[in-house]
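Asks: Take this structure first; my questions come after.
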Amino acid sequence: MTHASETRARSFTRLALACSIAVGALSPLAAMAESTLRIAMTAADIPLTHGQPDLGYEGNRFTGITMFDSLVEWDLSQGEKPSTLIPGLATEWAVKPDDHTKWIFKLRPGVKFHDGSAFNADSVVWNVNKVLDKQAPQYAPGQIGMTVSRMPTLRSAQKIDDLTVELTTSEPDAVLPYNLTNLFMASPTAWQKDFAAVPAATTDPAERSKLAWTAFASHSVGTGPFKMDRMVPRQELVLDKNPGYWDPKRIPKVDHVVLIPLPEANARTAALLSGQVDWIEAPAPDAIEQIKSKKFKIYANGQPHLWPWQFSFAPGSPWLDKRVRQAANLCLDRSELKAYLGGFMQEATGIYEKDSPWYGNPDFKIKYDQVAAQKLMADAGFSKDHPVKVKVLTSASGSGQMQPLPMNEYIQQSLKGCYFDVDIAVTEWNTLFSGWRLGAKDPAAQGANAINVSAAVMDPYFGMVRFSSEKAFPPVSNNWGFFASPHVEKLITTVRNSFDPKALDEASGKLHAAIVDEVPFLFVAHDVGPRAISPKVTGVVQPQSWFIDLSLVSKQD
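Spelled out as structure tokens, the structure:
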């Protein structure tokens, strides 16, 4: 049996067991009266459920925004234009006029956690401290990597009154509200009960906290539209409708959601076609027509997403030569790759495209020009008989990774025509994602001088700052390759200090142009988030976002 067939067999076994558990858990009468939505994810396991998910933004999509809320959230109610920020557990926020390192957030009154305890300013301070205050009993080192790198300037939270908190940053940071969409509010009361239940024989505070978080993750308590019912690791997570959700418009229309990890695209497709699931993420491109012929619906939309190679600027890296970086970008025929993927991608000419207020006016144009690429490589000292050797680290699947193996193999063959000898190293998605913050100089890089990790780019920090600032060098954030430019750093400072929306757009456009001109990436594609869904499922809104609101969805069982 081949490795691929072994993976497929394991996927089918896991799917069959998960479906039998999910169906068996409901009595016949309950099954008739209640609706259950079954979703096959691209993840190989259930994303963490303690409130700060792993596995990239697929984690936030399925175990973050379903069970938890953040102070600031994304509007996922429409798909005609890019998602924007809306009030979540905070109703309003503003930076202090006399001190741009301090923000005041007004909190939503009357919100309850799933356990009935009140959400208030104490809850916010507690949740900030779980990732920032090493002396706090609830401090959770295991949650830091997925959280702090996404909000690196946040330093503390202080209660002003029950419904007001002050957040302090290390420097003026106009994009903090975007960052806070990643900090989910878990119930301090529920966690404290788990902490108190840790055996007295365990005396080490850090170990007691770790055990409490492990217990909490088995029955997570947030304020979100869904409640956690049960979980079987690597098989399924069952969520139940929260009828008491604070936003009446988002009280779920389905009674249960079953999330099943199925990393192999063909296994997901087979599960959909056989009726074992109602919804699959990232269907296999070569199965799209078959899926459509069976009356399933394909949903897709542009996303704030970049599928790149991120180059290493460590000593000895071939990408230190700007001509080599430019040549790689000119050697790739993105339109052909798009056709290869059945049309389910957007061609990347930067982190953003010309319809974005943050595009700017780069001098270097990302396009297909093999002749120009070959000349640049020849000028850099390379030829068909003397190619440059590069190694890219990728995964076989994962959140936002689209179809990583066939895409990287296409790039490998394309770059060969411009004197690149590409070695593709494949690792498990969570290993790749965790190693991303460790950087190109760390053993986790496996000697690679490029890494293929898809990126959310929904705001100037996520799209640009975390990849281009010296302050984002590993392990702080995601400047994996140690890219640095004094000019870019100055532009980043301007962005952080641009609290007026128009000024922020202008500063961000200049920053984007400067980054494209320095080409720290192989700019390949933007995902359109294809998913295939049963016609029994209605009310699906495919936003221009990495996320989707499951509370809006109905299913006819």
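Read left to right, the sequence shown gives residues -33 to -1, 1 to 524 (mature numbering (1 follows the signal peptide of the UniProt record, and there is no 0)).
Every residue gets a Cβ at the ideal spot worked out from N, C-alpha and C, and that includes glycine.
All values reported here derive from a predicted model rather than from experimental measurement.
Can you give, in chain order, each stretch of the beta strand (DSSP E) that sits fully within the segment 446 to 522 and has at least 3 residues?
Replies: The qualifying runs are 488 to 493 and 498 to 500.
Asks: Measuring only the C-alpha atoms, how far is Pro172 from Gly31?
Replies: As a working mapping, residue 172 is identified with position 205 in the sequence shown. As a working mapping, residue 31 is identified with position 64 in the sequence shown. Each residue's alpha carbon lies about 27 Å from the other.
Asks: My output table needs one value for Leu204: the three-state DSSP class, helix, strand or coil.
Replies: Against the sequence shown, residue 204 aligns to sequence position 237. The answer is strand: DSSP assigns Leu204 an E or B state.
Asks: Hey, could you find the ends of the alpha helix (DSSP H) Met34 is sitting in?
Replies: Here residue 34 corresponds to residue number 67 of the sequence shown, with the count starting at 1. That residue, Met34, is in no alpha helix (DSSP H); it is neither H nor E in DSSP.
Asks: Identify the residues that DSSP records as bridge partners of Asp66: which are they?
Replies: Taking the sequence shown and counting its residues from 1, the one referred to as residue 66 is at position 99. In the DSSP output, where bridge partners are listed per residue, Asp66 has Lys63.
Asks: Can you tell me whether Asp66 is buried or exposed, with buried defined as 16 or more other CB within 10 angstroms of its CB?
Replies: Counting from one through the sequence shown, the residue named residue 66 turns up at place 99. By the 10 Å Cβ count, Asp66 comes out exposed.
Asks: What's the C-alpha gap between Val495 and Glu320?
Replies: For the purposes of this step, residue 495 is taken as the residue at position 528 of the sequence shown. For the purposes of this step, residue 320 is taken as the residue at position 353 of the sequence shown. Cα-Cα distance, rounded: 14 Å.
Asks: Closest by CA to His353, which one among Asp388, Ile71 and Ala339?
Replies: Counting from one through the sequence shown, the residue named residue 353 turns up at place 386. Closest in C-alpha terms to His353, from the list Asp388, Ile71 and Ala339, comes Asp388.
Asks: What separation, rounded to the nearest whole angstrom, lies between the Cα atoms of Ser521 and Val78?
Replies: Here the question's residue 521 lines up with position 554 in the sequence shown. Here the question's residue 78 lines up with position 111 in the sequence shown. Ser521 and Val78 have their C-alpha atoms some 25 Å from each other.
Asks: When DSSP builds the beta bridges, which residues end up paired with Pro285?
Replies: Taking the sequence shown and counting its residues from 1, one reaches residue 285 at position 318. Pro285 pairs with nothing; no bridge assigned.
Asks: If you draw a straight line from the alpha carbon of Phe450 to that of Arg433, how long is it in whole angstroms?
Replies: Your numbering for residue 450 matches position 483 in the sequence shown. Your numbering for residue 433 matches position 466 in the sequence shown. Distance between the alpha carbons of Phe450 and Arg433: 10 Å.
Asks: Under the assumption that Thr461 contacts Asn419 (Cβ atoms under 8 Å), give the Cβ distance between them as a whole number of angstroms.
Replies: Taking the sequence shown and counting its residues from 1, one reaches residue 461 at position 494. Taking the sequence shown and counting its residues from 1, one reaches residue 419 at position 452. Rounded, the Cβ-Cβ distance is 30 Å, inconsistent with contact.
Asks: Closer than 8 Å by C-beta to Asp516: which residues in its own chain qualify, once you throw out the five before and the five after it? Chain order, please.
Replies: Residue numbering aside, residue 516 sits at position 549 when the sequence shown is read from its first letter. So the qualifying residues of the chain are Ile32, Leu43, Ser44, Arg217, Val508 and Pro510.
Asks: Note down, in chain order, each residue of its chain lying with its Cβ closer than 6 Å to the Cβ of residue 527, except the 5 sequence neighbours on either side.
Replies: Since the first residue of the chain shown is -33 and the last is 524, residue 527 is not available in this structure.
Asks: Excluding sequence positions up to five away, which residues of its chain have a Cβ less than 6 Å from the Cβ of Val455?
Replies: Locating residue 455 in the sequence shown gives position 488, counting from the first residue. If we look at Val455 and ignore the five residues flanking it on each side, its Cβ neighbours are Ser435 and Ala481.
Asks: If I follow the unbroken alpha helix (DSSP H) through Thr398, where does it start and stop?
Replies: Against the sequence shown, residue 398 aligns to sequence position 431. Looking at the DSSP string, the run of the alpha helix (DSSP H) that includes Thr398 is Trp396 to Trp403.
Asks: Three-state secondary structure (DSSP) at Ser(-7)?
Replies: Walking along the sequence shown from the start, residue -7 turns up at place 27. At Ser(-7), the pLDDT of 39 sits below 50, so the modelled position is not reliable and the matter cannot be decided from this model.
Asks: Helix, strand or coil: which one does DSSP assign to Glu376?
Replies: Mapped onto the sequence shown, residue 376 falls at position 409. Residue state, collapsed to three classes: helix.
Asks: Taking 8 Å as the threshold (C-beta atoms), are Lys262 and Leu240 in contact?
Replies: For this step, residue 240 is matched to residue 273 along the sequence shown. For this step, residue 262 is matched to residue 295 along the sequence shown. No, the pair does not count as a contact, with Cβ atoms beyond the cut-off.
Asks: Would you kindly work out how many angstroms separate the C-alpha atoms of Ala179 and Val188, rounded to a whole number?
Replies: Start at 1 with the first residue of the sequence shown, and residue 179 comes out as number 212. Start at 1 with the first residue of the sequence shown, and residue 188 comes out as number 221. Going from the Cα of Ala179 to the Cα of Val188 covers about 13 Å.
Asks: If we count the other Cβ atoms within 10 Å of its Cβ and call it buried at 16 or more, is Arg301 buried or exposed?
Replies: The residue labelled residue 301 in the question sits at position 334 within the sequence shown. With 16 or more Cβ atoms within 10 Å of its Cβ, Arg301 is classed as buried.
Asks: Give the range of the beta strand (DSSP E) segment to which Tyr266 is assigned.
Replies: As a working mapping, residue 266 is identified with position 299 in the sequence shown. According to the DSSP assignment, Tyr266 belongs to the beta strand (DSSP E) that extends over Lys264 to Tyr266.
Asks: Taking the straight line between their C-alpha atoms, what separation do you get for Leu297 and Leu15?
Replies: For the purposes of this step, residue 297 is taken as the residue at position 330 of the sequence shown. For the purposes of this step, residue 15 is taken as the residue at position 48 of the sequence shown. The alpha-carbon atoms of Leu297 and Leu15 are separated by roughly 39 Å.
Asks: Between Lys79 and chain C, is the shortest Cβ-Cβ distance under 8 Å, so that the two count as touching?
Replies: Looking at the structure shown, chain C is missing, and only one protein chain is on hand.
Asks: Judging by CA-CA distance, which residue of Asp82, Gly26, Phe280 and Leu74 is the nearest neighbour of Leu38?
Replies: As a first step, residue 38 must be located in the sequence shown, where it is residue number 71. Checked all of Asp82, Gly26, Phe280 and Leu74; the closest Cα to Leu38 is Leu74.
Asks: Per DSSP, what kind of secondary structure is Leu22 in: helix, strand or coil?
Replies: Translated into positions along the sequence shown, residue 22 becomes position 55. The answer is coil: DSSP assigns Leu22 none of H, G, I, E or B.
Asks: Could you pull the start and end residues of the beta strand (DSSP E) that Phe278 belongs to?
Replies: The count along the sequence shown starts at 1 and reaches residue 278 at position 311. For Phe278, the enclosing beta strand (DSSP E) covers residues His272 to Phe278.
Asks: Just the Cα atoms here: how many angstroms apart are Met8 and Thr120?
Replies: In the sequence shown, counting from the first residue as 1, residue 8 sits at position 41. In the sequence shown, counting from the first residue as 1, residue 120 sits at position 153. Cα to Cα, Met8 sits roughly 32 Å from Thr120.
Asks: What does the alpha-carbon distance come out to for the pair Val62 and Ile71?
Replies: For the purposes of this step, residue 62 is taken as the residue at position 95 of the sequence shown. For the purposes of this step, residue 71 is taken as the residue at position 104 of the sequence shown. One C-alpha to the other measures close to 6 Å.
Asks: Have a look at Arg28 and Glu314 and give me their C-alpha separation to the nearest angstrom.
Replies: For the purposes of this step, residue 28 is taken as residue 61 along the sequence shown, with counting starting at 1. For the purposes of this step, residue 314 is taken as residue 347 along the sequence shown, with counting starting at 1. When rounded, the distance between both Cα atoms is 24 Å.
Asks: Indicate whether Leu471 and Tyr377 have their beta-carbon atoms separated by less than 8 Å.
Replies: Counted from its first residue, the sequence shown places residue 471 at position 504. Counted from its first residue, the sequence shown places residue 377 at position 410. No, they are not a contact pair.
Asks: Report the three-state DSSP secondary structure of Leu308 (helix, strand or coil).
Replies: Walking along the sequence shown from the start, residue 308 turns up at place 341. Leu308 sits in coil when the DSSP states are folded into three classes, being neither helix nor strand.
Asks: How is residue 541 classed by DSSP in three states: helix, strand or coil?
Replies: Missing from the structure shown is residue 541; the chain here goes from -33 to 524 and no further.
Asks: On the criterion of 16 or more Cβ atoms from any shown chain inside 10 Å, does Gly430 qualify as buried, or is it exposed?
Replies: For the purposes of this step, residue 430 is identified with residue 463 of the sequence shown, where counting begins at 1. It is buried - the Cβ of Gly430 has at least 16 other Cβ atoms within 10 Å.
Asks: Using the Cα positions of Ser512 and Gly367, report the straight-line distance between them to the nearest angstrom.
Replies: For this step, residue 512 is matched to residue 545 along the sequence shown. For this step, residue 367 is matched to residue 400 along the sequence shown. So the alpha carbons of these two residues sit roughly 11 Å apart.
Asks: Among Val142, Ser154 and Leu56, which has the Cα closest to the Cα of Asp82?
Replies: Counting from 1 along the sequence shown, the entry for residue 82 is found at position 115. Asp82 has its Cα closest to that of Ser154, out of Val142, Ser154 and Leu56.
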